[in-house]
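To start, the structure itself, in structure tokens.
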Amino acid sequence: MRHEKSAQLIELARELANTRMGLTLDEMAEKMSVKRRTIERMRDRLLEMFDTMEEIPDPPTKRWRINGRLDGFLQVPTSKEIAALKSAQLHFENHSLDAAFTLKGLETKMMAAIGPKISKLEPDIEALMQAEAIAVSPGPRPSFNTFTLNVLRDAILMMRQVSFVYDGGSKSNILRDLIPYGILFGGEAYLIGVEPSKYKGGRPQVWRVDKIREIELSDKIGAAPEDFSLKEFSHRSFGVFQDDVMHKVKLHVFKEYADEAKRWVFHPNQTMDELGDGSLEIQMHGGGLRELAWGLFRWGGKLEILEPQELKNEMRMALDLANGL
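For the sequence shown, our numbering assigns the number 17 to the initial residue and increments by one for each residue that follows.
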């Protein structure tokens, strides 16, 4: 825990060095997600460490800031920050190639500025990148507590379990212990993991991050099996949630829209065949037909579902639901 407290002090020092107006104790406590007494101790410690830290009267309160630039050592990005940049780049590759290219350029400049120190961060960056993936069908995402996401990332890096209360399912408001396998980003953020007391083998469970509260890092050891691949897990379905049955899906895109469809990736394992009349046939395998049905809504009038029948049924139910909105 001493390492975590040191990391918090460095983060607070960065915040105080990056503000012109200074921060009040309440603003510091909010940024660091700690109580008032804790932030008072952290402020006192920073006053001992930085002789450039100054108090700014702002009646009826006071503000503090660190005047001048911090030492380069304190400004080196963390492994979580670099991994988040890489994840954002991968996300934008499916949405905005221009933004992805810009982020790649930023990453290159950052790595060059860090220099040899990057070698010490690379193992943690690689671990986080293997533990995070982009869901197949992303969309609008609800807001969620970034503190929750940071605790989950810490747990993955430290191979530790977490405990939290989950607002969903038949047993809400119950404290749960869970081994986190990874985080799946898409329309929403999902935690993939298992409850060790209940796990009997098979697929891990899926939890919405925005429904997780009161999360804490546990002292218990827990990590994903060595043969678990989050990328392979996500590619089993057309969204996030998994089915026991993998379906062969066949779509027929009308010739007027074939060129448009060629620019889209419906699923990582898809195949596209151009037919003699200029139309397009797309085949892919996966589960989660309901999410695929909703994802195909934007293609209404541009394609038809050839198989399986289960996907046609899901589309009919989705249309009935949409008509009732």
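We put the beta carbon where it would ideally sit given N, CA and C, even for glycine.
Flag this pair as yes or no: are the beta carbons of Val210 and Leu194 separated by less than 9 Å?
-> yes
N- and C-terminal bounds of the alpha helix (DSSP H) containing Ile311 | It is Gly, not Ile, that sits at residue 311 in the sequence shown. Note, Gly311: alpha helix (DSSP H), 305 to 311.
DSSP state of Trp223 mapped onto helix, strand, coil = strand
Whole angstroms is fine: what's the gap from Leu101's alpha carbon to Pro76's?
-> 40 Å
Three-state class that DSSP yields for Ile190 in the structure shown | coil
Which residues in the same chain have their Cβ closer than 7 Å to the Cβ of Pro212, if we skip the five residues on either side of it in sequence?
-> Asp193, Ile195, Gly238
Between the Cα of Leu327 and the Cα atoms of Tyr197, Gly304, Asp226, which residue gives the shortest distance?
-> Gly304
Taking Cβ to Cβ, would you say Met58 is nearer than 9 Å to Val50?
-> yes
Inter-residue spacing [alpha-carbon to alpha-carbon] between Ala171 and Ala33 = 29 Å
Taking 8 Å as the threshold, find out whether the region 328 to 335 comes into contact with the region 275 to 284 through three or more Cβ pairs.
-> no
If you compare alpha carbons, which of Lys125, Ile298, Ala274, Gly294 is closest to Asn285?
-> Ile298
Among Ala309, Asp74, Trp80, Glu123, which one has its Cα closest to the Cα of Leu28?
-> Trp80
If you check the beta carbons only, do Leu246 and Ile228 fall under 9 Å apart?
-> no
Are Gln105 and Lys125 touching if we call contact CB-CB under 9 Å?
-> no
With distances taken from CA atoms, which of Met175, Lys214, Val269 is nearest Leu296?
-> Val269
Is it right to say Met300 is buried, meaning 16 or more other beta carbons lie within 10 angstroms of its own, or is it exposed?
-> buried
Taking Cβ to Cβ, would you say Arg224 is nearer than 9 Å to Gly198?
-> no
By the 10 Å Cβ neighbour count, where 16 or more other Cβ atoms means buried, how is Pro73 classified, buried or exposed?
-> exposed
Kindly indicate the opening and closing residues of the alpha helix (DSSP H) around Gln325.
-> 325 to 339
Cut-off 7 Å between Cβ atoms - residues of its own chain near Ile55, not counting five sequence neighbours on either side = Leu41, Met44, Ala45, Met48
Cut-off 8 Å between Cβ atoms - residues of its own chain near Thr12, not counting five sequence neighbours on either side | Residue 12 cannot be examined here, being either before or after the span of the chain that is shown, 17 to 341.
Specify the secondary structure class of Phe282 as computed by DSSP and reduced to three states.
-> coil
Could you tell me whether the Cβ atoms of Glu64 and Ile98 are closer together than 9 Å?
-> no
Are the CB atoms of Ala205 and Arg169 nearer to each other than 9 Å?
-> no
Would you mind working out which of Arg306, Asp293, Lys266 sits nearest Thr287, comparing C-alpha positions?
-> Lys266
What three-state label does DSSP hand Asp69 in the structure shown?
-> Rather than Asp, the amino acid found at residue 69 in this sequence is Met. Strand, per DSSP.
Local conformation of Ala205 per DSSP, three classes | strand
Cβ pair Lys16, Asp289 closer than 9 Å = Residue 16 cannot be examined here, being either before or after the span of the chain that is shown, 17 to 341.
Can you tell me where the alpha helix (DSSP H) with Val167 in it begins and where it stops?
-> 162 to 174
Residue range of the alpha helix (DSSP H) that Met288 falls in?
-> Not the alpha helix (DSSP H): Met288 falls in the beta strand (DSSP E), residues 287 to 290.
Find out if the Cβ-Cβ distance for the pair Asp140, Arg176 is shorter than 9 Å.
-> no
8 Å CB neighbourhood of His263 in its chain, flanking five on each side removed | His301, Gly302, Gly303, Leu305, Pro324, Glu326, Leu327
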